[in-house]
Amino acid sequence: MEIVPQDEAANMSFPDEEPTIIDVEPEELTSDGATETAYTAIEEQSYSESYSTSDTTFATDTAPVWLDDKSVNEIIFCEEFLSEHRIICINNQFIGFDGVIEDIYIEKLIYEKLKPYIQKGVAGKVKQLCQALKLDAHSEEIVPDMNEIHLLNGTLNAATLEFTYEKKFCFGRINNSYNPGAAPPEKFLSFLSELLIPEDILTLQEWFGYLLIPSTKAQKMLTMIGNGGEGKSRIGVLLKNIYGRTMSTGNLYTLETNRFARAALENAYLFLDDDMIMDKLSETNVLKTIITNEGKMLIEKKGIQPYSANIYAKLMSFGNGSLKSLTDKSDGFFRRQIIITTKPKPENRVDDPFLVEKFISEKEGILLWSLEGLRRLMDNNFSFTISERTAENLRNSMKDNSNIISFLEDEQFVKFDPLLECSTADLYSGYCHWCALNSTEPMKKDPFNQWLKQHHSKYELEYCTNVQSHDDCKRARGYRGLDTTYRNNLR
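Sequential numbering from 4 applies to the sequence shown in the numbering used here.
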């Protein structure tokens, strides 16, 4: 069997036929970073019907060409198998027209072929042939076209909105169909009008569109914050239905701290944390890299040699507060976030236990709605519509994460004037006193100094190495343009 080249694999397609829908649940990220995949309502014939190219069957009294005195010729077996099933292998994973195929399904098909002829050592032979198939079906990684949206009934070009029933190899197929005549999703839009202000609905619409394409050009993650009971989690359940196996769930804290957790991002459009932990992150480097990633990332799985793979997953979270970091007080950590807050739950609202099912019945209309947001996002050069409320959310989150901002804005403690000056040590003393009065934890001295050096120009300050200290005896490093009213009387 000839190895499928990358360009050929990317353009291989199904004939125009009605697709077989496999209903599966998304991958779950466990506490140790491993992934568990729960499957529901999968018929064994679904896979073979989707990928089979032949109706060939073998009777027990007719030995196949790959069988020689109960010994299997692996090369001939692989050639026959791959002529019957449209699959390739990338990064040790089988890929079909609907995305990743678990080894167990391939092994089941192998077993069915062997069962009439081999009665001993079948399990070991099945495993052996599965590995041989991976070698024979090996292909270079397919780099997807960022404008192509792979749907159940074909391929949609996001840039031109041209649709074709042709289905190409992809890392994951979205569980939705393109129907240009679909009705507007009235139930879903009514729900959003109760959940968000109109400007933030535009942001969410663009986010829904952004999720459709294999691209991280916008370099943003989205967090939706509420006090509970508003219904924001219903959005997550809807997304799980739409993205299925091409979506992973877990928590951002594990994603940042566990090196195996990044494996959950492979072959996924979305990583959702639907109940964000409020603990401060010890580091933020991994999350920032994922959000802005436009190349390959190192993937580590237990018991498997690490390898590099393209990652296109976006990060989304629901919670009662925003992400915070113990050490990273930089703007870079925050400028990658979009923080949307929900409206309070209406007092007279009666919750509908079948709300998600109604959303799912409208998902073809939701796709058209999402495409409107995607086109607007692309027209704006992948810059999201940000309401003043959302911008204020980000500013408040920055203040909560870095209380030095609130300290500098407190006119009782800090005065700004071009004629004033203050040493860094005196400013830090005033800051620590302010923190004590406001029952908040002060930053350590080194991060405090580093933050001032990074942000002093925003406050029109001038860094100097010869500033008068408050004790009138010494000169030290500090800033011209401000002073703290606090004086340490113990000096």
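Glycine included, every Cβ here is placed at the ideal spot set by N, Cα and C.
Strand pairing of residue i, partner residues [DSSP]
i      : result
Phe419 : Leu485
Asp276 : Ser320
Met224 : Gln340
Tyr466 : Tyr482
Met300 : Ala312
Leu284 : Ser328
Cys133 : DSSP lists no partner for Cys133.
Gln96  : Ile93
His459 : None, per the DSSP bridge assignment.
Gln122 : Its beta-bridge partners do not exist; DSSP assigns none.
Val75  : Leu70
Phe166 : Leu159
Through-space distance from residue j to residue i, alpha-carbon basis
i      : j      : result
Val75  : Lys283 : 57 Å
Ser218 : Asn384 : 13 Å
Phe419 : Thr468 : 19 Å
Leu85  : Glu303 : 29 Å
Arg89  : Lys171 : 11 Å
Thr249 : Asn150 : 17 Å
Thr488 : Tyr431 : 12 Å
Lys317 : Ser472 : 49 Å
Lys361 : Leu241 : 10 Å
Thr295 : Gln222 : 5 Å
Glu269 : Ile314 : 6 Å
Lys118 : Val125 : 8 Å
Ser236 : Ala394 : 23 Å
Pro309 : Ala266 : 10 Å
Lys73  : Gln131 : 15 Å
Ser328 : Glu115 : 53 Å
Pro311 : Ile107 : Reading the sequence as shown, one finds Ser at residue 311 and not Pro. Roughly 24 Å separates the two Cα atoms.
Ile104 : Lys402 : 46 Å
Gly484 : Tyr256 : 39 Å
Trp437 : Glu391 : 29 Å
Leu225 : Gly102 : 26 Å
Ala162 : Ser400 : 35 Å
Tyr482 : Phe410 : 16 Å
Trp454 : Ser333 : 7 Å
Asp382 : His458 : 32 Å
Asn254 : Tyr246 : 18 Å
As assigned by DSSP and simplified to three states, the class of residue i
i      : result
Pro450 : helix
Phe84  : helix
Cys476 : coil
Leu70  : strand
Asn160 : strand
Ser236 : helix
Phe387 : coil
Glu105 : coil
Leu155 : coil
Phe263 : coil
Val146 : coil
Glu424 : strand
Arg490 : coil
Phe410 : helix
Phe357 : coil
Asp139 : helix
Residue i, enclosing alpha helix (DSSP H) - first and last residue
i      : result
Met401 : 391-404
Gly212 : 201-214
Glu350 : Element bounds for Glu350: n/a, residue is neither H nor E.
Tyr431 : 427-440
Gly376 : 366-382
Leu195 : 189-198
Beta strand (DSSP E) segment containing residue i, residue limits
i      : result
Ser251 : 250-252
Ile307 : 307-313
Discussion item. Taking contact to mean 3 or more Cβ pairs, one atom from each stretch, closer than 8 Å, check whether the segment 211-220 and the segment 364-383 are in contact.
Written reply: The segment 211-220 makes contact with the segment 364-383: 3 or more CB pairs, one atom from each, lie closer than 8 Å.
Discussion item. Count Cβ pairs between the segment 189-200 and the segment 334-342 that sit closer than 8 Å; are there 3 or more?
Written reply: Taking a contact to require three or more Cβ pairs closer than 8 Å, the segment 189-200 and the segment 334-342 do not qualify as touching.
Worksheet entry | At least 3 beta-carbon pairs within less than 8 Å: the segment 272-281 vs the segment 309-329 | Between the segment 272-281 and the segment 309-329 there are three or more inter-stretch CB-CB distances shorter than 8 Å, so the stretches are counted as touching.
Practice prompt. Examine the Cβ distances between the segment 341-361 and the segment 245-264 and report whether three or more of them are shorter than 8 Å.
Written response: They do not touch, by the three-pair rule.
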